[in-house]
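This report concerns only the one structure given below.
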Amino acid sequence: MINSLTPDQEAALPHYRQKWQPYALSTQPLDREQAIAAIQAAYATIDRRAPEIQFFPSPYAALKSIAPQADAFEQMNYEVGKLLEQKIAHFLWKQLDTQLEKGLRHSLSTQLCWPHALRLWPHLWDQLETCEDLGELRELRQWMDTEPLGDLDGMEWSLSASLFDFCFAVLGCEDGQAAVDTRRFSFSGQKPSFPSRWQVYQSIAQHCAWFFPVEGLCLVSDRPRFLAWDQDYRLHAEEQPAVVFADGFSIHVHHGKTYF
Numbered sequence: 001m002i003n004s005l006t007p008d009q010e011a012a013l014p015h016y017r018q019k020w021q022p023y024a025l026s027t028q029p030l031d032r033e034q035a036i037a038a039i040q041a042a043y044a045t046i047d048r049r050a051p052e053i054q055f056f057p058s059p060y061a062a063l064k065s066i067a068p069q070a071d072a073f074e075q076m077n078y079e080v081g082k083l084l085e086q087k088i089a090h091f092l093w094k095q096l097d098t099q100l101e102k103g104l105r106h107s108l109s110t111q112l113c114w115p116h117a118l119r120l121w122p123h124l125w126d127q128l129e130t131c132e133d134l135g136e137l138r139e140l141r142q143w144m145d146t147e148p149l150g151d152l153d154g155m156e157w158s159l160s161a162s163l164f165d166f167c168f169a170v171l172g173c174e175d176g177q178a179a180v181d182t183r184r185f186s187f188s189g190q191k192p193s194f195p196s197r198w199q200v201y202q203s204i205a206q207h208c209a210w211f212f213p214v215e216g217l218c219l220v221s222d223r224p225r226f227l228a229w230d231q232d233y234r235l236h237a238e239e240q241p242a243v244v245f246a247d248g249f250s251i252h253v254h255h256g257k258t259y260f
C-alpha cells in the first residue's frame, strides 16, 4: 500500500495535470474517426458488437432525434451503459483503492483532478428538462441520476484522467489486481486486460464528449463550442450563456448555478 510520494514523484505532478487540461476544457469539434474507434473499442471491452453510431451537435439534438420513439428507446437494453461504467471506470478506481492509502488518494485527487465544479452534466439536465419538445425523454434524468449511463461523459472522465495517468505511470498502481465480480458480465473470450481498459478510458476521455450507449446504437454529442468559468472553476458568465453548442443550444450559469 502506497502512503507517500518521493520528491521525484512530487515533482511529476504538474506535468500530468497539464497533460490532461486540454481535454477537460476542450471546445474543439470531435474527431469523428477517433470517436468511432473509441466507442467501438469500449463496446468490444464489454463483449458487445459495434453499434450504429450517430453524431449530433449537442445533447439536446441527440435526445430530440429519438423523442418520437421515446418509449422504444427507454425499453432498449440499458445494460450496455452499466457495463461500460463498471468494467472501465469503476475497474480503474478499484485499482487505486487496492494500491493507495486513503489519505494519499484524497490528496492526489485534490491536486490532479480538475475541479468537479466544471461538470456540465447537471447543468445540461437542468436545461434539457425545460425543453418541451423532448417529451417523455425529459424524465430520463431520474433514471440517469441513479444509473451509470449518466456518467458516460468523456469530458468528465478527462477530469480524472490525470490522476489515473500519474498513478499508473509514476506509482505503478497497474500492478495491483482490482477485485471485479466477473459473474456480472458476459464474455465470449478472455477477460479484458488492465492495459486495454486503461487505453479505452483514455480514448473516451480524449475523443468523446457525451454519449448515450444502448444495445446496437450509440448517440454521440459533440463538445460545446464555448465554455466560461469563474476563478473558482465554476461555470459562469455574465449576461450571456456560459455553455454554447454548435446548434445554438446553450446554458446560462451564474457562479455554478443554472438559471433560465
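Numbering-wise, the sequence shown is residues 1 to 260 according to our numbering. Ideal Cβ positions, reconstructed from N, Cα and C, are used throughout, including at glycine.
#### Entry: Pick from Leu217, Leu108 and Val80 that is closest to Tyr16, judged by C-alpha positions
As a working mapping, residue 16 is identified with position 16 in the sequence shown. Out of Leu217, Leu108 and Val80, Leu108 has the C-alpha closest to the C-alpha of Tyr16.
### Query
Any contact of the region 207-225 with the region 160-172, i.e. 3+ C-beta pairs under 8 Å?
no
### Message
The alpha helix (DSSP H) that contains Tyr233, what's its start and end?
### Response
To locate residue 233, count along the sequence shown from 1; it is residue 233. Taken as a continuous stretch (DSSP letters only), Tyr233 belongs to no alpha helix (DSSP H), as it is neither H nor E.
### Query
Hey, how far is the Cα of Ile251 from the Cα of Leu83?
As a working note, residue 251 is residue 251 in the sequence shown. As a working note, residue 83 is residue 83 in the sequence shown. C-alpha separation (whole angstroms): 30 Å.
### Pro213, DSSP secondary structure in three states
Here residue 213 refers to the residue found at position 213 of the sequence shown. Reduced to three states, the DSSP call for Pro213 is strand.
### Query
Which residue comes first and which comes last in the alpha helix (DSSP H) that contains Ile36?
The count along the sequence shown starts at 1 and reaches residue 36 at position 36. First-last of the alpha helix (DSSP H) with Ile36: Arg32 to Thr45.
### Task
Helix, strand or coil for Phe164, going by three-state DSSP, please let me know.
Here residue 164 corresponds to residue number 164 of the sequence shown, with the count starting at 1. It is helical.
### Simplified DSSP assignment, three categories, for Ser221
Taking the first residue of the sequence shown as position 1, residue 221 is located at position 221. Note: Ser221 maps to strand in three-state DSSP.
### Query
With a Cβ-Cβ cutoff of 9 Å, do Pro51 and Cys208 count as a contact?
Counted from its first residue, the sequence shown places residue 51 at position 51. Counted from its first residue, the sequence shown places residue 208 at position 208. No, these two residues do not count as a Cβ contact at 9 Å.
### Message
Under 8 Å: do the region 7-26 and the region 95-107 share three or more Cβ pairs, one atom per stretch?
### Response
no
### Lys87 burial status per 10 Å Cβ neighbour count (16 or more: buried)
The residue you call residue 87 lines up with position 87 of the sequence shown. Buried, since its Cβ has 16 or more Cβ neighbours within 10 Å.
### Task
Consult DSSP for Phe245 and reduce its assignment to one of helix, strand or coil.
Residue numbering aside, residue 245 sits at position 245 when the sequence shown is read from its first letter. Of the three classes helix, strand and coil, the one that applies to Phe245 here is coil, per DSSP.
### Query
At which residue ranges does the region 80-127 contain complete alpha helix (DSSP H) runs of 4 or more residues, listed in the order of the chain?
91-99 and 102-112
### Query
Are at least three pairs of beta-carbons, each pair with one atom in the region 37-57 and one in the region 231-240, less than 8 Å apart?
no
### Query
Would you report the Cα separation of Ser65 and Trp210, rounded to the nearest angstrom?
If you number the sequence shown from 1, residue 65 lands on position 65. If you number the sequence shown from 1, residue 210 lands on position 210. Answer to the nearest angstrom: the Cα atoms are 15 Å apart.
### C-alpha distance - Ala228 paired with Arg197, whole-angstrom precision
The residue labelled residue 228 in the question sits at position 228 within the sequence shown. The residue labelled residue 197 in the question sits at position 197 within the sequence shown. The straight-line gap from Cα to Cα measures roughly 32 Å.
### Message
Given a cut-off of 9 Å on the beta-carbon distance, is the pair Pro14 and Phe249 in contact?
### Response
One-based indexing of the sequence shown puts residue 14 at position 14. One-based indexing of the sequence shown puts residue 249 at position 249. No, these two residues do not count as a Cβ contact at 9 Å.
### Task
Quick one: grab the DSSP three-state call for His207.
Position 207 of the sequence shown, counted from the start, is the residue given in the question as residue 207. Correct three-state label for His207: helix.
### Task
Write down the C-beta distance between Phe56 and Arg32 rounded to the nearest angstrom, noting that I regard them as a contact closer than 8 Å.
To locate residue 56, count along the sequence shown from 1; it is residue 56. To locate residue 32, count along the sequence shown from 1; it is residue 32. Actually they are not in contact, since the Cβ atoms of Phe56 and Arg32 sit about 12 Å apart, beyond 8 Å.
### Task
Answer with buried or exposed for Thr45, where buried requires no fewer than 16 other C-beta atoms within 10 angstroms of its C-beta.
The sequence position of residue 45 within the sequence shown is 45, counting from 1. Classification for Thr45: buried.
### Message
On the CB-based measure, 16 or more other CB atoms within 10 Å of its CB, does Met85 come out buried or exposed?
### Response
Translated into the one-based positions of the sequence shown, residue 85 becomes position 85. Here residue 85 turns out to be Glu, not Met, going by the sequence shown. Buried, because 16 or more other Cβ atoms sit within 10 Å of the Cβ of Glu85.
### Message
I'd like to confirm the pairing. Which residues does DSSP put opposite Gln21 in its beta bridges?
### Response
As a working mapping, residue 21 is identified with position 21 in the sequence shown. Answer is none; Gln21 lacks a bridge partner.
#### Entry: Proximity below 9 Å, CB of His254 to CB of Ala242
What you label residue 254 is simply residue 254 of the sequence shown in a count that begins at 1. What you label residue 242 is simply residue 242 of the sequence shown in a count that begins at 1. For His254 and Ala242, yes; Cβs fall inside 9 Å.
### Task
List the residues that DSSP assigns as beta-bridge partners of Tyr259.
In the sequence shown, counting from the first residue as 1, residue 259 sits at position 259. Beta-bridge pairing links Tyr259 to His252.
### Task
Give a yes or no on whether the C-beta atoms belonging to Asp153 and Leu120 are separated by under 9 Å.
Within the sequence shown, the letter at position 153 stands for residue 153. Within the sequence shown, the letter at position 120 stands for residue 120. Contact: yes.
### Query
Can the beta-carbon of Leu63 be found less than 9 Å from the beta-carbon of Phe260?
If you number the sequence shown from 1, residue 63 lands on position 63. If you number the sequence shown from 1, residue 260 lands on position 260. No, the Cβ-Cβ distance between Leu63 and Phe260 is not below 9 Å.
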